[in-house]
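Student:
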Amino acid sequence: MSPTQQQPPASLTVLVGWLVPGAGYLLHGQKARGLTVAITIVVLFVMGLWIGGMMVVQAPPSANPLQIIGQRPWFMGQVLIGPLCFVPIVVAPWIGALPGHARVHDLGTLYTAVAGMLNLLVIIDSSFRVRGPRESR
Amino acid sequence: MMPLCWPLALFEKPAPVWHDSVWPLLLLPLCLGISIVYKSIKCSSMKRVAREALVLCAIIIVVMLLVAGGLAVLVKLLEMR
């Protein structure tokens, strides 16, 4: 995006970046960066679902943040990937998904939560780019 | 229960990766993914991302191996005491 063009507001960049990983960069015209992070984050999330099964993402018992942290702490990371996080929650009971145990469950949870937390980094970075291009290293 | 199409069947149950010779290898794609996203954020030019992500991934793996080796030696030493 050229400097003369109107930059989208940071709040819109954050919202779009949460809805679709990497879309915050696409808003700023950075297609290669947006597609690279989008593909990487989604692949990590899907790999987590493949390794641990769909049951690695489980809905918290309530919307109370304290209960989420206490009972499903990894969900805080997983939900950062956006609405994609809710797909396994909806589909798992429908297909009768089996829960994983031990390392397999842990690895699947790790993949999905890391994917969400990477998306948080991407959201923060893309929203800060509203202020202008960063200095070259 | 309705029959599943194959993409959904992949996610129906956990993958058979619990053997000790398999599951540590699953940390490699995770390291690569973290490296790619981190370098996509840090690098001003996307042309440099591939090379720098591979270097970062290699560094993460080497450091993890060194830490694992160090901890293994520590455990052996503690067992000998």
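Chains as they are written, first to last, in the numbering used here: chain U, 3 to 139; chain W, 29 to 109.
C-beta: ideal position from N, C-alpha, C; glycine also.
(1) Please classify C33 (chain W): does DSSP put it in a helix, a strand, or coil?
(2) So what does DSSP say about R35 (chain U), is it helix, strand or coil?
(3) Contact criterion: CB-CB distance below 9 Å. Does G102 (chain U) meet it with respect to chain W?
(4) Which stretch, first to last residue, makes up the alpha helix (DSSP H) that contains A115 (chain U)?
(5) With H, G and I counted as helix, E and B as strand and the rest as coil, what does DSSP make of S72 (chain W)?
(6) Rounded C-beta distance between V124 (chain U) and V39 (chain U)? I'm assuming under 8 Å.
(7) Under three-state DSSP, which class holds L99 (chain W)?
(8) Just the Cα atoms here: how many angstroms apart are K75 (chain W) and A25 (chain U)?
(9) Can you round the beta-carbon distance between M119 (chain U) and G79 (chain U) to whole angstroms, since I take them to be within the 8 Å contact cut?
(10) Could you tell me whether any Cβ in chain W is nearer than 9 Å to the Cβ of W52 (chain U)?
(11) Output the distance between the C-alpha atoms of L82 (chain U) and V45 (chain W), rounded to the nearest integer angstrom.
(12) Determine, using beta carbons only, whether W46 (chain W) comes closer than 9 Å to chain U.
(13) Give me the residue from W:S68, W:A43 and W:K104 with the minimum Cα distance to K33 (chain U).
(14) Could you name the residues of the segment 30-44 of chain U whose beta carbon sits closer than 7 Å to any beta carbon of chain W, in the order they occur along the chain?
(15) Near I88 (chain W), what residues of its chain come up, given a Cβ to Cβ distance below 8 Å and the 5 sequence neighbours on each side ignored?
(16) Check whether the Cβ of F39 (chain W) lies closer than 9 Å to any Cβ atom in chain U.
(17) Using only alpha-carbon positions, find the residue among U:R74, U:P101 and U:V58 that is nearest to A65 (chain U).
(18) Can you find a C-beta in chain W that's less than 9 Å from the C-beta of I97 (chain U)?
Tutor: So, to answer that:
(1) Numbered from its first residue, the second sequence carries residue 33 (chain W) at position 5. In the structure shown, C33 (chain W) sits in coil (DSSP, three-state: anything other than H, G, I, E or B).
(2) The residue labelled residue 35 (chain U) in the question sits at position 33 within the first sequence. Three-state DSSP puts R35 (chain U) in a helix.
(3) For the purposes of this step, residue 102 (chain U) is taken as the residue at position 100 of the first sequence. Judged by the 9 Å Cβ criterion, G102 (chain U) is in contact with chain W.
(4) Working through the first sequence from its first residue, we reach residue 115 (chain U) at position 113. Looking at the DSSP string, the run of the alpha helix (DSSP H) that includes A115 (chain U) is A104 to F130.
(5) Translated into positions along the second sequence, residue 72 (chain W) becomes position 44. Reduced to three states, the DSSP call for S72 (chain W) is coil.
(6) Here residue 124 (chain U) corresponds to residue number 122 of the first sequence, with the count starting at 1. Here residue 39 (chain U) corresponds to residue number 37 of the first sequence, with the count starting at 1. Here V124 (chain U) really is in contact with V39 (chain U); their C-beta atoms are around 5 Å apart, less than 8 Å.
(7) As a first step, residue 99 (chain W) is located in the second sequence; it is residue number 71 there, counting from the start. Three-state DSSP puts L99 (chain W) in a helix.
(8) Position 47 of the second sequence holds residue 75 (chain W). Position 23 of the first sequence holds residue 25 (chain U). Their Cα atoms are separated by approximately 20 Å.
(9) Residue 119 (chain U) sits at position 117 when you count from the first residue of the first sequence. Residue 79 (chain U) sits at position 77 when you count from the first residue of the first sequence. Yes, they are in contact, since the Cβ atoms of M119 (chain U) and G79 (chain U) sit about 5 Å apart, within 8 Å.
(10) What you label residue 52 (chain U) is simply residue 50 of the first sequence in a count that begins at 1. Yes, its Cβ sits closer than 9 Å to a Cβ of chain W.
(11) The residue labelled residue 82 (chain U) in the question sits at position 80 within the first sequence. The residue labelled residue 45 (chain W) in the question sits at position 17 within the second sequence. Cα-Cα distance, rounded: 26 Å.
(12) Counting from 1 along the second sequence, the entry for residue 46 (chain W) is found at position 18. Taking Cβ atoms only, chain U reaches closer than 9 Å to W46 (chain W), which makes this a yes.
(13) Here the question's residue 33 (chain U) lines up with position 31 in the first sequence. Looking at W:S68, W:A43 and W:K104, the one whose alpha-carbon comes closest to that of K33 (chain U) is W:S68.
(14) A34, R35, T38, V39, T42 and I43
(15) Taking the second sequence and counting its residues from 1, the one referred to as residue 88 (chain W) is at position 60. If we look at I88 (chain W) and ignore the five residues flanking it on each side, its Cβ neighbours are C59, I62 and S63.
(16) Reading the second sequence from its first residue, position 11 is the one you call residue 39 (chain W). Closer than 9 Å: yes.
(17) Locating residue 65 (chain U) in the first sequence gives position 63, where the first residue counts as 1. Selected option, being the one with the closest Cα: U:R74.
(18) Along the first sequence, one-based indexing puts residue 97 (chain U) at 95. It does; some Cβ of chain W falls within 9 Å.
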